[in-house]
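K.L.:
Residue numbers (this note's numbering), protein chains in the order written: chain S, 1 to 203; chain E, 1 to 203.
Ideal placement from N, C-alpha and C gives every residue a C-beta, glycine not left out.
Because the structure is a prediction, the values reported are computed rather than measured.
There are 2 protein chains.
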Amino acid sequence: MKKTDKKQHAIESRERILQAAIMLFSRHGFAETGMRELVAEADVNLSMVNYFFGSKKGLLKEILDAFFSGYLAIARDTLVTDGDLQVKLERFIGNAVRYFDANREALVIAISELPHDDPEILEYKAGWARQMVEIINHEICLPLAAESGRAIPPTCFAPMLTTIMASRFLFAPVMEKVEAGSSTTVTMGDYTKTIVRIFLQGI
Amino acid sequence: MKKTDKKQHAIESRERILQAAIMLFSRHGFAETGMRELVAEADVNLSMVNYFFGSKKGLLKEILDAFFSGYLAIARDTLVTDGDLQVKLERFIGNAVRYFDANREALVIAISELPHDDPEILEYKAGWARQMVEIINHEICLPLAAESGRAIPPTCFAPMLTTIMASRFLFAPVMEKVEAGSSTTVTMGDYTKTIVRIFLQGI
DNA sequence: ACGGGAGTTAAACGAACGTTTGATATCTAG
DNA sequence: CTAGATATCAAACGTTCGTTTAACTCCCGT
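Shown next, in the form of C-alpha cells:
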C-alpha cells in the first residue's frame, strides 16, 4: 500500500464514519445509536470514532457544525445583498430548500437535537443561531418593518421560516406511512414555490 | 391511610411519573433520560414505571397518545364545520397555538421523536397523522383548490402548518440563549396573529 | 376476619453502553 | 536507516442501562 493510499484510506475511514453517523443519527436518533452499530455500518474499528472525533458527542458536533455553517453561508449569500425584499426572500427560500434537500439527514439531526438542553451542545447551537438571527433581522425584519410597519422580531421569524422549509423532511417518514410515495408527489420546485407564495401573498 | 387515599396515592404516583417524564423527555430527549433519573424526579420506586406503563417505551407512547389525540380533537372541533375557509383556518391556528403553549413539553417530545423510524412508534404516529391529514384535506386543501385553483396536498400542507406553529417552542431553548427573554417578547396572541396573517395574506 | 389483588420496595439481572489500553503495522521525516 | 508519528486492531475497562424478581404492606370484597 502506497503512502498516499494509506493516508487516503484514513481520510476515507473518517469520511465513512461521518456518513454512517449522519444516516444512523437521523434515522434512530443520536442517543439511540450505539457505537458498535455505527462502526459496523462504517466498516471501521470501534476505537476509530474516539480516535478521529474524540468522543461520540464530538462526532455529533462536527455534523451539526458542517450543517449550520452551510445554512448560514446560504443566508449570507442570498440575503446580504442589495435588492427587493421579496426577491431576496425568494432567493433565500429556493437555495435553503435545495440545501435542506441535499442534506436532509443532517437537517433532521439538527432539528431533533435542537430543543434538548445539553449545555455543551446548546451553547454553540446558540452561537450559530445568533449569526443567523442577525442576518434575518438586518435583511428581512428591519426592511419589512420599514416598508410595511409590521414589526416581527427575528428570534420569532427565523424559526418560522426554518421550520416551514424543514417540515417536509421532518415528516417524511410518517407521511410515507400515511400515503406511500407522498414524499415525492410534490416536486422540490413546487414545494419551494408554495413556501414562497405563502410568505409573499398567503395561501 | 383510607382506601380512597391509597387509590388516590397510586393515581398520583402514575401521574407524577407522567409529569416527570414529560419534563425530562422534552429537556434531555427520550433516549438520554434514564429510568433512575426519571423515578428520582417523580419520587417513586424504580419498578413503578414498568408496573404502570409496561416499559419505558410504553410511557412514551402514552405521552404521545395524549398529545396527538388532543391536537386531533382541536382540528375536528375547529375545522369540521360550516363556514368560510379563512375563518376556519384562523380558529384552528388560534386553538392549536394555545394547545401547543399549554402542552409545549409534549409538543417538543412529539416533534423530536417524529423523524425516527422505530417501527413500533412510527406505525402508530402514522395512525394519528392519517386522521389529521384527512381533516386537513377535506376542510382546507379541497376547499382551497375549489375556490382558488391551487392544489396543495394535505401530506405537504399539514406538516407546514404544524411546524410553523411549533417553531417558537422548538427553538425556545436556543433563542433564549441568543437573546434572554426573547421567548416572551412576543405574546402568544401576536404569535398567533402573525401566523394567521402569513397564511392569509403573506408576511 | 381473612384471602386476594393492588401498590410499593430493595436487590439483582444480563446486556449494552462509551471509552481506554497496549500491541501492531505502515508511512514520513531527518 | 532509523526514530517517530499515524492508523488500525482486539480486548477489556467500569458504568449504566431497562427490566425482573420476590417479598411485603395495605385495603377491599365476601
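(1) Quick check for students: name the residue ranges of the alpha helix (DSSP H) that lie wholly in the stretch 63 to 136 of chain S, counting only runs of 4 or more.
(2) Compare the beta carbon distance of E:Thr212 and E:Val133 with 8 Å and say whether it is the shorter of the two.
(3) Look at the alpha carbon of S:Thr4 and the alpha carbon of S:Ser13, and state the distance between them as a whole number of angstroms.
(4) So what does DSSP say about E:Ser167, is it helix, strand or coil?
(5) Helix or strand or just coil, what does DSSP make of E:Leu161?
(6) For S:Val174, count the other beta carbons within 10 Å of its own beta carbon; 16 or more makes it buried, fewer makes it exposed. Which is it?
(7) Can you tell me where the alpha helix (DSSP H) with S:Thr187 in it begins and where it stops?
(8) Using the C-alpha atoms, what's the distance from S:Ser47 back to S:Lys2?
(9) When the Cα atoms are used, what is the spatial distance from E:Glu176 to S:Ala42?
(10) So, using beta-carbon positions, are E:Thr78 and E:Arg98 closer together than 8 Å?
(11) Look at the Cβ atom of S:Leu114, then the Cβ atom of E:Phe68, and state whether they are nearer than 8 Å.
(12) Can you find a CB in chain S that lies within less than 8 Å of the CB of E:Glu208?
(13) Do you know how far the Cα of S:Ile121 is from the Cα of S:Ile63?
(14) Can you look up S:Val44 in the DSSP assignment and give me helix, strand or coil?
(15) Under DSSP, the alpha helix (DSSP H) around S:Ala151 begins and ends at which residues?
(16) From the DSSP output, in three-state form, read off S:Thr33 for me.
(17) Measuring straight from C-alpha to C-alpha, what distance separates E:Gly189 and S:Phe53?
(18) Check each residue of the stretch 129 to 140 of chain E: if its Cβ is closer than 7 Å to any Cβ of chain S, include it; give the result in chain order.
(19) Does the CB of S:Arg98 have a neighbour CB from chain E at under 8 Å?
(20) Any C-beta of chain S sitting closer than 8 Å to the C-beta of E:Phe199?
(21) Which value, in whole angstroms, describes the spacing of the CA atoms of E:Gly83 and E:Ala151?
(22) Less than 7 Å between the CB of E:Met23 and some heavy atom of the ligand COA, yes or no?
(23) Can you give me the C-alpha to C-alpha distance between S:Ile22 and S:Ile109, rounded to a whole angstrom?
P.N.:
Checking against the coordinates, here is how it stands:
(1) Along the length of the stretch 63 to 136 of chain S, whole alpha helix (DSSP H) runs at least 4 residues long occupy 85 to 102, 104 to 113, 119 to 136, reported in chain order.
(2) In the structure as shown, chain E starts at 1 and stops at 203, and residue 212 of chain E therefore has no counterpart that could be examined.
(3) The count along the first sequence starts at 1 and reaches residue 4 of chain S at position 4. The count along the first sequence starts at 1 and reaches residue 13 of chain S at position 13. Residue placement at S:Thr4 cannot be trusted, given a pLDDT of 42 that sits under 50; what the coordinates show is reported in the next sentence. Taken atom to atom, the span from the alpha-carbon of S:Thr4 to that of S:Ser13 is near 14 Å.
(4) The sequence position of residue 167 of chain E within the second sequence is 167, counting from 1. Three-state DSSP puts E:Ser167 in a helix.
(5) Your numbering for residue 161 of chain E matches position 161 in the second sequence. Reduced to three states, the DSSP call for E:Leu161 is helix.
(6) For this step, residue 174 of chain S is matched to residue 174 along the first sequence. Buried is the call here.
(7) Here residue 187 of chain S refers to the residue found at position 187 of the first sequence. Where S:Thr187 is concerned, there is no enclosing alpha helix (DSSP H), given that its DSSP letter is neither H nor E.
(8) Residue mapping note: residue 2 of chain S aligns to position 2 of the first sequence, counting from 1. Residue mapping note: residue 47 of chain S aligns to position 47 of the first sequence, counting from 1. Any reading at S:Lys2 must be qualified, since the residue scores a pLDDT of 37, below 50, and its modelled position is unreliable; the value itself is stated next. Roughly 24 Å between the two C-alpha positions.
(9) Indexing the second sequence from 1 puts residue 176 of chain E at position 176. Indexing the first sequence from 1 puts residue 42 of chain S at position 42. When rounded, the distance between both Cα atoms is 37 Å.
(10) Numbered from its first residue, the second sequence carries residue 78 of chain E at position 78. Numbered from its first residue, the second sequence carries residue 98 of chain E at position 98. No, Cβ-Cβ distance for E:Thr78 and E:Arg98 is not below 8 Å.
(11) Along the first sequence, read from residue 1 onward, the residue named residue 114 of chain S stands at position 114. Along the second sequence, read from residue 1 onward, the residue named residue 68 of chain E stands at position 68. Not in contact: S:Leu114 and E:Phe68 (Cβ atoms no closer than 8 Å).
(12) Lying outside 1 to 203, the shown extent of chain E, residue 208 of chain E is not represented and no answer is given.
(13) As a first step, residue 63 of chain S is located in the first sequence; it is residue number 63 there, counting from the start. As a first step, residue 121 of chain S is located in the first sequence; it is residue number 121 there, counting from the start. Near 12 Å, if we compare the C-alpha coordinates of S:Ile121 and S:Ile63.
(14) Numbered from its first residue, the first sequence carries residue 44 of chain S at position 44. Coil.
(15) If you number the first sequence from 1, residue 151 of chain S lands on position 151. Unbroken run through S:Ala151: none, as it is neither H nor E.
(16) By one-based count along the first sequence, residue 33 of chain S stands at place 33. Reduced to three states, the DSSP call for S:Thr33 is coil.
(17) The count along the second sequence starts at 1 and reaches residue 189 of chain E at position 189. The count along the first sequence starts at 1 and reaches residue 53 of chain S at position 53. Put simply, the backbone Cα of E:Gly189 is about 45 Å away from that of S:Phe53.
(18) Ala129, Arg130, Val133
(19) Taking the first residue of the first sequence as position 1, residue 98 of chain S is located at position 98. Not one chain E Cβ lies under 8 Å of S:Arg98.
(20) Here residue 199 of chain E is taken as the residue at index 199 of the second sequence, counted from 1. For E:Phe199, the answer is yes, since a Cβ of chain S falls inside 8 Å of its Cβ.
(21) Against the second sequence, residue 83 of chain E aligns to sequence position 83. Against the second sequence, residue 151 of chain E aligns to sequence position 151. Rounded to the nearest angstrom, the two C-alpha atoms are 20 Å apart.
(22) Because no ligand of any kind appears in the structure shown, any question about the ligand COA cannot be addressed here.
(23) Taking the first residue of the first sequence as position 1, residue 22 of chain S is located at position 22. Taking the first residue of the first sequence as position 1, residue 109 of chain S is located at position 109. Roughly 8 Å between the two C-alpha positions.
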